[in-house]
């Protein structure tokens, strides 16, 4: 256990969900260290250059960008062929991580952005999600009839937006988006990455996570 990579994580963070999804799907094992963001342990701060989750401690480097962790995982083991996708998939991830995530944050954390028109910010996010709904029409996944890295990179953020106001989200006219998200939320995979663990503390026994 002591020679496993160490993954610092926070259960509800969509970026950390990405990392846990990739590690589980790739069949890797890591030592999982769950933290509380308002009380970050010094060992975590000593590891992560940015002080953000996820952070993956490898023997020769630290990866603290979630997409880098996903790529690292699948470049070493990709049993589902998730890296086999067109450039369009990477473009969707860029749109998710840029404009959509900004609009999501402006909608979810309104008190942090009192100067913004929050209805307009929500509409920006909605426009992006409507585009995903249109793309999903007639197929189960964003790139076609099978999942790719694109789906697992975006699903945690669609989930985060949905749970700002789940009743409102479910009432919107985006049936394909809802089916795609519900399929994920109801999956054994999602359950497997969302187990609750006590926050890590110095001296704790290592906790193995992964396939």
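Residue numbers (my numbering): 13 to 223.
Virtual Cβ for every residue (Gly too), placed ideally from N, Cα, C.
Neighbourhood of residue i by C-beta, 8 Å cutoff - its chain only, sequence neighbours within 5 removed
{"i": "residue 140", "result": "107, 108, 111, 112, 115"}
{"i": "residue 42", "result": "16, 17, 18, 19, 35, 68, 220, 221, 222"}
{"i": "residue 82", "result": "30, 31, 33, 34, 161, 164, 165"}
{"i": "residue 213", "result": "53"}
{"i": "residue 47", "result": "20, 21, 22, 53, 56, 65, 211, 212"}
{"i": "residue 101", "result": "154, 155, 160, 161, 162"}
{"i": "residue 27", "result": "64, 65, 66, 78, 168"}
{"i": "residue 138", "result": "184"}
{"i": "residue 209", "result": "23, 44, 46, 219"}
Extent of the continuous beta strand (DSSP E) to which residue i belongs
{"i": "residue 180", "result": "Not the beta strand (DSSP E): residue 180 falls in the alpha helix (DSSP H), residues 178-182."}
{"i": "residue 43", "result": "41-46"}
{"i": "residue 68", "result": "67-69"}
Rounded distance between the beta-carbons of residue j and residue i, thought under 8 Å
{"i": "residue 166", "j": "residue 79", "result": "Incorrect: roughly 11 Å between the Cβ atoms, too far for contact."}
{"i": "residue 193", "j": "residue 171", "result": "6 Å"}
Cβ pair residue i, residue j closer than 8 Å
{"i": "residue 91", "j": "residue 76", "result": "no"}
{"i": "residue 94", "j": "residue 37", "result": "yes"}
Length of the line joining the Cα atoms of residue i and residue j
{"i": "residue 119", "j": "residue 131", "result": "8 Å"}
{"i": "residue 185", "j": "residue 179", "result": "12 Å"}
{"i": "residue 32", "j": "residue 126", "result": "33 Å"}
{"i": "residue 147", "j": "residue 74", "result": "35 Å"}
{"i": "residue 51", "j": "residue 63", "result": "11 Å"}
{"i": "residue 181", "j": "residue 71", "result": "43 Å"}
{"i": "residue 169", "j": "residue 202", "result": "13 Å"}
{"i": "residue 152", "j": "residue 215", "result": "45 Å"}
{"i": "residue 84", "j": "residue 174", "result": "28 Å"}
{"i": "residue 87", "j": "residue 59", "result": "23 Å"}
{"i": "residue 99", "j": "residue 191", "result": "25 Å"}
{"i": "residue 207", "j": "residue 134", "result": "30 Å"}
{"i": "residue 183", "j": "residue 142", "result": "13 Å"}
{"i": "residue 121", "j": "residue 176", "result": "9 Å"}
Cβ shell of residue i (< 7 Å), same chain only, five flanking positions each side left out
{"i": "residue 49", "result": "22"}
{"i": "residue 205", "result": "29, 32, 33, 36"}
{"i": "residue 128", "result": "118"}
{"i": "residue 25", "result": "65"}
{"i": "residue 97", "result": "155, 160, 161, 162"}
{"i": "residue 149", "result": "188"}
Boundaries of the alpha helix (DSSP H) in which residue i is found, first to last residue
{"i": "residue 222", "result": "Careful: residue 222 lies outside any alpha helix (DSSP H), inside the beta strand (DSSP E) at 220-222."}
{"i": "residue 21", "result": "Here residue 21 belongs to no alpha helix (DSSP H); instead the beta strand (DSSP E) covers 18-21."}
{"i": "residue 86", "result": "78-88"}
{"i": "residue 226", "result": "Nothing can be reported for residue 226, as the shown portion of the chain is limited to 13 through 223."}
{"i": "residue 163", "result": "161-174"}
{"i": "residue 136", "result": "130-148"}
{"i": "residue 59", "result": "54-59"}
{"i": "residue 213", "result": "Element bounds for residue 213: n/a, residue is neither H nor E."}
{"i": "residue 190", "result": "187-197"}
{"i": "residue 63", "result": "Here residue 63 belongs to no alpha helix (DSSP H), and DSSP marks it neither H nor E."}
{"i": "residue 200", "result": "200-205"}
Cβ-based neighbour list, residue i, same chain, cut-off 6 Å, excluding 5 preceding and 5 following
{"i": "residue 145", "result": "186, 188, 189"}
{"i": "residue 136", "result": "115"}
{"i": "residue 39", "result": "89, 223"}
{"i": "residue 196", "result": "167, 202"}
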